[in-house]
């Protein structure tokens with residue numbers, strides 16, 4: 001699996017703990033751009049990014065519209081926006097209709113990244129209580145990216161990884177511990 | 001708080017005491033004291049009781065009034081501090097916007113203006129229009145992905161056109177429901193404000209900045225608008241000649 005430069009992580013209910021654990025495990029010189037698409041409520045916007053910032057050795061920010069994606073950074077999709085990944089490796093924010101009852105929609109970010117970044121992206125679906133991300137992960141597989149889903153047995157809420165595994169057909173079904181190892185050893189296999 | 005309690009207890013004690021005295025006088029009056037004397041004693045006693053009640057009442061209202069005044073003063077102080085804080089904040093934000101848009105070319109200046117506003121004012125969405133010949137055209141958008149349109153207007157047409165004509169900041173607080181719907185896990189909500197900011201040069205409007213915000217637009221923005229307008233116009237004119 002060479003060439004991966006971008007890591008996408010999609011999570012919803014029950015994913016916060018594992019997201020912080022994953023961020024915590026990334027070293028200071030981590031060469032990937034990490035993009036987090038997490039469902040959250042509007043009112044916890046501020047504290048949420050701060051909480052992740054404390055845990056991470058990498059700079060954590062909410063990207064602005066048309067901002068360039070840079071390696072070694074963690075980006076969190078701002079609450080109430082959809083985030084597209086453009087072929088010129090920039091972000092695009094949108095306030096279109098909600099998709100799968102959510103904004104941000106994991107599907108939108110994953111599908112646009114699949115198309116724009118092809119085999120340079122690894123995407124992970126974590127615990128969650130809806131089907132968001134399933135179609136996105138399918139597109140990741142379709143365009144040659146690396147697709148990973150949390151083992152439903154290991155997830156706090158199994159619905160989202162279950163749907164993602166079923167729809168995308170990915171074989172990379174891993175526990176949270178294994179996901180960390182998997183991401184740290186990307187490009188080494 | 002404890003003062004109030006003491007006053008209440010004291011007045012209750014005085015009340016009971018005076019009731020007891022009235023009863024004593026009433027009983028004794030039938031036996032030996034002449035009529036005039038009884039009236040006198042009653043009168044003095046009633047006056048004393050009234051006085052006690054009144055003094056207790058005034059003391060109580062005085063303490064309440066003092067406490068209220070105290071908290072009011074604290075509140076006023078806080079408000080003043082807050083105003084000082086936001087005042088300098090707005091000025092700083094405007095300075096940042098000016099410096100963020102310096103030395104750009106014509107392709108990037110409009111984008112930079114929106115990015116600068118996004119950074120300083122947490123905008124939800126934004127559009128920059130630039131005047132080309134007689135029409136204003138969209139030259140940059142913020143967070144309008146998938147809503148691309150080729151909306152144009154002349155001076156005087158619609159709200160942005162009116163802003164271009166009046167050369168004054170226009171703040172819309174009554175946002176039409178279909179302007180934009182932002183939906184969170186908590187339910188749908190529209191932005192609180194849409195603000196139109198004209199940029200003028202030689203008495204001509206050269207650009208309109210339209211931004212939608214969730215937060216209140218700072219009250220003191222207009223105070224710094226003159227400076228912002230002057231510098232933004234300079235930056236836009238420079239960009240166009242670059």
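Chains as they are written, first to last, in this note's numbering: chain A, 1 to 189; chain B, 1 to 242. Quick reminder that beta carbons are idealized off the backbone N, C-alpha and C, glycines included.
So, are the CB atoms of residue 124 of chain A and residue 170 of chain A less than 8 angstroms apart? Residue mapping note: residue 124 of chain A aligns to position 124 of the first chain, counting from 1. Residue mapping note: residue 170 of chain A aligns to position 170 of the first chain, counting from 1. No, they are not a contact pair.
Could you tell me the alpha carbon to alpha carbon distance between residue 113 of chain B and residue 240 of chain B, rounded to whole angstroms? One-based indexing of the second chain puts residue 113 of chain B at position 113. One-based indexing of the second chain puts residue 240 of chain B at position 240. Residue 113 of chain B and residue 240 of chain B: Cα-Cα distance of roughly 14 angstroms.
By the 10 Å Cβ neighbour count, where 16 or more other Cβ atoms means buried, how is residue 183 of chain A classified, buried or exposed? Taking the first chain and counting its residues from 1, the one referred to as residue 183 of chain A is at position 183. So residue 183 of chain A counts as buried.
So residue 25 of chain A and residue 178 of chain A are supposed to be a Cβ contact under 8 angstroms. How far apart are they, rounded? Counting from one through the first chain, the residue named residue 25 of chain A turns up at place 25. Counting from one through the first chain, the residue named residue 178 of chain A turns up at place 178. In fact, because the Cβ distance is near 12 angstroms, the residues do not count as touching under 8 angstroms.
I want to verify the contact list: residues of chain A whose CB lies under 8 angstroms from the CB of residue 239 of chain B, in sequence order. Here residue 239 of chain B refers to the residue found at position 239 of the second chain. Near residue 239 of chain B there are no residues of chain A at all, since even the closest Cβ is about 17 angstroms away, more than 8 angstroms.
For the beta strand (DSSP E) containing residue 40 of chain A, list its first residue and its last residue. Position 40 of the first chain, counted from the first residue, corresponds to residue 40 of chain A. Residue 40 of chain A -> no beta strand (DSSP E), and no H or E assigned at all.
On the criterion of 16 or more Cβ atoms from any shown chain inside 10 Å, does residue 40 of chain A qualify as buried, or is it exposed? Taking the first residue of the first chain as 1, we reach residue 40 of chain A at position 40. It is buried - the Cβ of residue 40 of chain A has at least 16 other Cβ atoms within 10 Å.
Proximal residues of chain B, C-beta to C-beta of residue 110 of chain A below 7 angstroms: Here residue 110 of chain A refers to the residue found at position 110 when the first chain is read from its first residue. The premise fails here: residue 110 of chain A is roughly 16 angstroms from chain B at the closest Cβ pair, so nothing lies under 7 angstroms.
Can you list, in chain order, the residues of its chain with a C-beta nearer than 6 angstroms to that of residue 66 of chain A? Leave out the 5 residues immediately preceding and following it. Stepping through the first chain from its first residue, residue 66 of chain A is reached at position 66. When the five nearest sequence neighbours on each side are left out, the beta carbons in the same chain lying within less than 6 angstroms of the beta carbon of residue 66 of chain A are those of 90, in order along the chain.
Simplified DSSP state of residue 101 of chain A, which is helix, strand or coil: Here residue 101 of chain A refers to the residue found at position 101 of the first chain. Here residue 101 of chain A sits in coil by DSSP.
Buried or exposed: residue 219 of chain B, going by 16 or more other Cβ atoms within 10 Å of its Cβ? Residue mapping note: residue 219 of chain B aligns to position 219 of the second chain, counting from 1. Classification of residue 219 of chain B: exposed, given that the 10 Å Cβ count is below 16.
Of the residues B:154, B:131, B:153, B:208, the one placed nearest residue 167 of chain B, counting alpha carbons only: Counting from 1 along the second chain, the entry for residue 167 of chain B is found at position 167. Out of B:154, B:131, B:153, B:208, B:208 has the C-alpha closest to the C-alpha of residue 167 of chain B.
Where do the N-terminal and C-terminal ends of the beta strand (DSSP E) with residue 210 of chain B fall, by residue? Here residue 210 of chain B corresponds to residue number 210 of the second chain, with the count starting at 1. DSSP places residue 210 of chain B in the uninterrupted beta strand (DSSP E) bounded by 204 to 213.
Within a Cβ cutoff of 6 angstroms, which residues of the same chain sit near residue 227 of chain B, ignoring the five residues on either side of it in sequence? Here residue 227 of chain B is taken as the residue at index 227 of the second chain, counted from 1. Hits under 6 angstroms: none found.
Could you compute how far the alpha carbon of residue 81 of chain A sits from the alpha carbon of residue 65 of chain B? Looking up residue 81 of chain A in the first chain gives position 81. Looking up residue 65 of chain B in the second chain gives position 65. Between the alpha carbons of residue 81 of chain A and residue 65 of chain B lies a distance of about 50 angstroms.
Going along the chain, which residues of its own chain have a beta-carbon closer than 8 angstroms to the beta-carbon of residue 45 of chain B, five neighbours each way excluded? The count along the second chain starts at 1 and reaches residue 45 of chain B at position 45. Sequence-distant partners of residue 45 of chain B (beyond 5 residues in either direction) whose C-beta falls short of 8 angstroms from its own C-beta, in its chain, are 18, 21, 22, 25.
From the DSSP output, in three-state form, read off residue 153 of chain B for me. On the second chain, residue 153 of chain B is found 153 positions in, with the first residue counted as 1. The answer is strand: DSSP assigns residue 153 of chain B an E or B state.
Rounded to whole angstroms, how far is the Cβ of residue 118 of chain B from the Cβ of residue 64 of chain A, which I believe are closer than 8 angstroms? For this step, residue 118 of chain B is matched to residue 118 along the second chain. For this step, residue 64 of chain A is matched to residue 64 along the first chain. The beta carbons of residue 118 of chain B and residue 64 of chain A sit about 5 angstroms from each other, so the pair counts as a contact at 8 angstroms.
Look at the alpha carbon of residue 4 of chain A and the alpha carbon of residue 133 of chain A, and state the distance between them as a whole number of angstroms. Position 4 of the first chain holds residue 4 of chain A. Position 133 of the first chain holds residue 133 of chain A. Rounded to the nearest angstrom, the gap between the Cα atoms of residue 4 of chain A and residue 133 of chain A is 20 angstroms.
On a Cα-Cα basis, can you pick out the residue from A:187, A:59, A:176, A:188 that is closest to residue 16 of chain A? Within the first chain, the letter at position 16 stands for residue 16 of chain A. Considering only alpha carbons, the answer is A:176.
In the DSSP output, what is residue 122 of chain A paired with across the bridge? For the purposes of this step, residue 122 of chain A is taken as residue 122 along the first chain, with counting starting at 1. Beta-bridge analysis with DSSP links residue 122 of chain A to A:7, A:146.
By the criterion of Cβ-Cβ separation under 7 angstroms, what are the contact partners of residue 93 of chain A in chain B? Position 93 of the first chain, counting from 1, holds the residue named residue 93 of chain A. 143, 145, listed in chain order.
For a minimum of 3 consecutive residues, which ranges assigned as the beta strand (DSSP E) are wholly contained in the stretch 81 to 152 of chain B? DSSP runs (the beta strand (DSSP E)) wholly in the stretch 81 to 152 of chain B: 123 to 132, 135 to 142.
Extract the residue ranges of the beta strand (DSSP E) inside the stretch 54 to 88 of chain A, only unbroken runs of 3 or more that lie entirely within it. List check, beta strand (DSSP E) in window: 74 to 76, 82 to 85.
Would residue 130 of chain B count as contacting chain A if we go by Cβ distances under 8 angstroms? Taking the first residue of the second chain as position 1, residue 130 of chain B is located at position 130. With 8 angstroms as the cut-off, residue 130 of chain B does not count as an interface residue toward chain A.
Residue closest to residue 233 of chain B, alpha-carbon to alpha-carbon, out of B:221, B:199, B:92: What you label residue 233 of chain B is simply residue 233 of the second chain in a count that begins at 1. Checked all of B:221, B:199, B:92; the closest Cα to residue 233 of chain B is B:199.
Given that a residue counts as buried once 16 or more other Cβ atoms are within 10 Å of its Cβ, and exposed if not, what is residue 243 of chain B? No answer is possible for residue 243 of chain B: it lies beyond the span of chain B, which begins at 1 and ends at 242.
Report yes if the CB atom of residue 76 of chain A is closer than 8 angstroms to the CB atom of residue 52 of chain A, and no otherwise. Here residue 76 of chain A refers to the residue found at position 76 of the first chain. Here residue 52 of chain A refers to the residue found at position 52 of the first chain. Yes, the pair counts as a contact, with Cβ atoms nearer than the cut-off.
Could you work out which residues of chain B lie near residue 84 of chain A, taking near to mean beta carbons separated by less than 7 angstroms? Along the first chain, one-based indexing puts residue 84 of chain A at 84. Near residue 84 of chain A (Cβ distances below 7 angstroms), the residues of chain B are 145.
Do residue 113 of chain A and residue 186 of chain A come within 8 angstroms of each other at the CB atom, strictly closer than that value? Reading the first chain from its first residue, position 186 is the one you call residue 186 of chain A. Reading the first chain from its first residue, position 113 is the one you call residue 113 of chain A. No.
Per-residue contacts from residue 162 of chain B into chain A (C-beta, under 7 angstroms): Here residue 162 of chain B corresponds to residue number 162 of the second chain, with the count starting at 1. Within chain A, no residue comes near residue 162 of chain B; the closest Cβ sits about 25 angstroms away, beyond 7 angstroms.
Does DSSP put residue 188 of chain B in a helix, in a strand, or in coil? Position 188 of the second chain, counted from the start, is the residue given in the question as residue 188 of chain B. Residue placement at residue 188 of chain B cannot be trusted, given a pLDDT of 47 that sits under 50; what the coordinates show is reported in the next sentence. Residue 188 of chain B falls in the strand class under three-state DSSP.
Quick check on the burial criterion: 16 or more other C-beta atoms within 10 angstroms. Buried or exposed for residue 136 of chain B? To locate residue 136 of chain B, count along the second chain from 1; it is residue 136. By the 10 Å Cβ count, residue 136 of chain B comes out buried.
Limits of the beta strand (DSSP E) - the one that residue 178 of chain A falls within: Translated into positions along the first chain, residue 178 of chain A becomes position 178. Note, residue 178 of chain A: premise wrong, no beta strand (DSSP E); alpha helix (DSSP H) at 176 to 184.
Does the CB of residue 65 of chain A have a neighbour CB from chain B at under 8 angstroms? Numbered from 1 along the first chain, position 65 holds the residue referred to as residue 65 of chain A. Answer yes: the Cβ-Cβ gap between residue 65 of chain A and chain B drops below 8 angstroms somewhere.
Chain-ordered chain A contacts of residue 308 of chain B [CB-CB under 8 angstroms]: What is shown of chain B runs 1 to 242, which leaves residue 308 of chain B out entirely.
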